[in-house]
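If you read the sequences in order, they're chains Y and L. So for the first sequence, this note's numbering puts the first residue at 326; every next one is plus one. So for the second sequence, this note's numbering puts the first residue at 3; every next one is plus one. Backbone N, C-alpha and C fix where the C-beta goes; we use that ideal spot for every residue, glycine too. Predicted, not measured: the structure shown is a model, and the values here were computed from it.
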Amino acid sequence: AQTVTQSQPEMSVQEAETVTLSCTYDTSESNYYLFWYKQPPSRQMILVIRQEAYKQQNATENRFSVNFQKAAKSFSLKISDSQLGDTAMYFCAFSQGAQKLVFGQGTRLTINP
Amino acid sequence: GAVVSQHPSRVICKSGTSVKIECRSLDFQATTMFWYRQFPKKSLMLMATSNEGSKATYEQGVEKDKFLINHASLTLSTLTVTSAHPEDSSFYICSAKWAQNTEAFFGQGTRLTVV
Chain Y
326 AQTVTQSQPE MSVQEAETVT LSCTYDTSES NYYLFWYKQP PSRQMILVIR QEAYKQQNAT
386 ENRFSVNFQK AAKSFSLKIS DSQLGDTAMY FCAFSQGAQK LVFGQGTRLT INP
Chain L
3 GAVVSQHPSR VICKSGTSVK IECRSLDFQA TTMFWYRQFP KKSLMLMATS NEGSKATYEQ
63 GVEKDKFLIN HASLTLSTLT VTSAHPEDSS FYICSAKWAQ NTEAFFGQGT RLTVV
């Protein structure tokens with residue numbers, strides 16, 4: 326079974342700083358997808374970024390980028406120029422195509438003014 | 003992105019009664035829907051996966067007779083918590099996908115309180 330591990334329960338940085346959230350996963354599959362989801366206080370799950378395992382290039386979405394290390398089974402999220410609105414729970418997730426998402430434990434990120 | 007609407011957002015029910023939560027895909031046909039449960043400050047725990055027109059597949063440890071899932075159409079799935087007890091109080095979230103699409107779209111969630 327696939328597992329996803331987020332080893333940082335909480336993180337806190339100052340506004341405008343850069344922060345990196347860690348995620349590791351375990352799978353024997355070669356084709357899969359990795360995601361970072363954001364859950365703000367409203368509790369609405371929002372997709373931040375997605376990475377296809379077959380792509381070597383790291384995904385980027387504006388201030389958000391990932392460092393995908395397939396051999397190490399590592400998938401970290403970097404948030405540049407952090408903003409107060411980035412304060413949220415962040416979940417790393419794994420899926421195989423149209424199958425279910427497996428979530429990590431989550432990292433509570435606080436951006437301080 | 004695609005929109006998934008979950009209703010109600012909050013519900014309080016008495017112990018022993020049943021409560022139904024709806025999950026609708028508003029602008030796409032959801033061939034697969036997922037139901038999650040989330041405890042405070044915890045991750046999402048998958049309860050079951052439902053495909054339109056088929057019986058739901060429940061995760062290990064989830065009581066099928068207590069959490070009834072119906073996916074009768076391509077735009078609607080329902081979760082019914084039967085004979086609810088205070089320990090069923092939680093935040094329930096649905097998500098939906100179409101065909102082989104890899105991205106899941108989430109509803110706003112339902113906070114259930116059983117008193």
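Item	Value
Below-8 Å beta-carbon distance, L/Phe30 vs any chain Y residue	no
L/Met35 vs L/Ser79 beta-carbon contact at 8 Å	yes
Three CB pairs or more closer than 8 Å across the stretch 52 to 60 of chain L and the stretch 20 to 40 of chain L	yes
With 16 other Cβ atoms within 10 Å as the buried cut-off, status of L/His87	exposed
Cβ neighbour criterion (16 or more within 10 Å) applied to L/Lys66	exposed
Neighbouring residues, chain Y, relative to L/Lys99 (Cβ below 8 Å)	Ala423
Three-pair Cβ contact test at 8 Å for the stretch 375 to 389 of chain Y versus the stretch 403 to 417 of chain Y	yes
Simplified DSSP assignment, three categories, for Y/Glu377	strand
Chain Y within 8 Å of L/Leu46, Cβ atoms only	yes
Contacts that L/Gln110 makes with chain Y (C-beta to C-beta distance below 7 Å)	Gln369
Beta-carbon gap between Y/Tyr362 and Y/Val329 smaller than 8 Å	no
Distance, L/Asn103 Cα to Y/Thr435 Cα	32 Å
Where Y/Leu289 falls: helix, strand or coil (DSSP)	Coverage of chain Y is limited to positions 326 through 438, which leaves residue 289 of chain Y absent and any answer about it impossible.
The ligand SAH heavy atom lying under 7 Å from the CB of Y/Trp361	This structure simply doesn't include the ligand SAH, nor any ligand for that matter.
Short Cβ contact (8 Å threshold) for Y/Phe393 with Y/Gln421	no
Selection of the stretch 424 to 435 of chain Y by Cβ proximity to chain L, strictly under 9 Å	Gln424, Lys425, Leu426, Val427, Phe428, Gly429, Gln430, Gly431, Arg433
Inter-residue spacing [alpha-carbon to alpha-carbon] between L/Phe30 and L/Gln8	15 Å
Contacts that Y/Phe389 makes with chain L (C-beta to C-beta distance below 7 Å)	Going along chain L, no residue has its Cβ under 7 Å from Y/Phe389, so there is no contact; the nearest lies around 16 Å.
Anticipated Cβ contact below 8 Å, Y/Pro438 with Y/Glu340, distance rounded	5 Å
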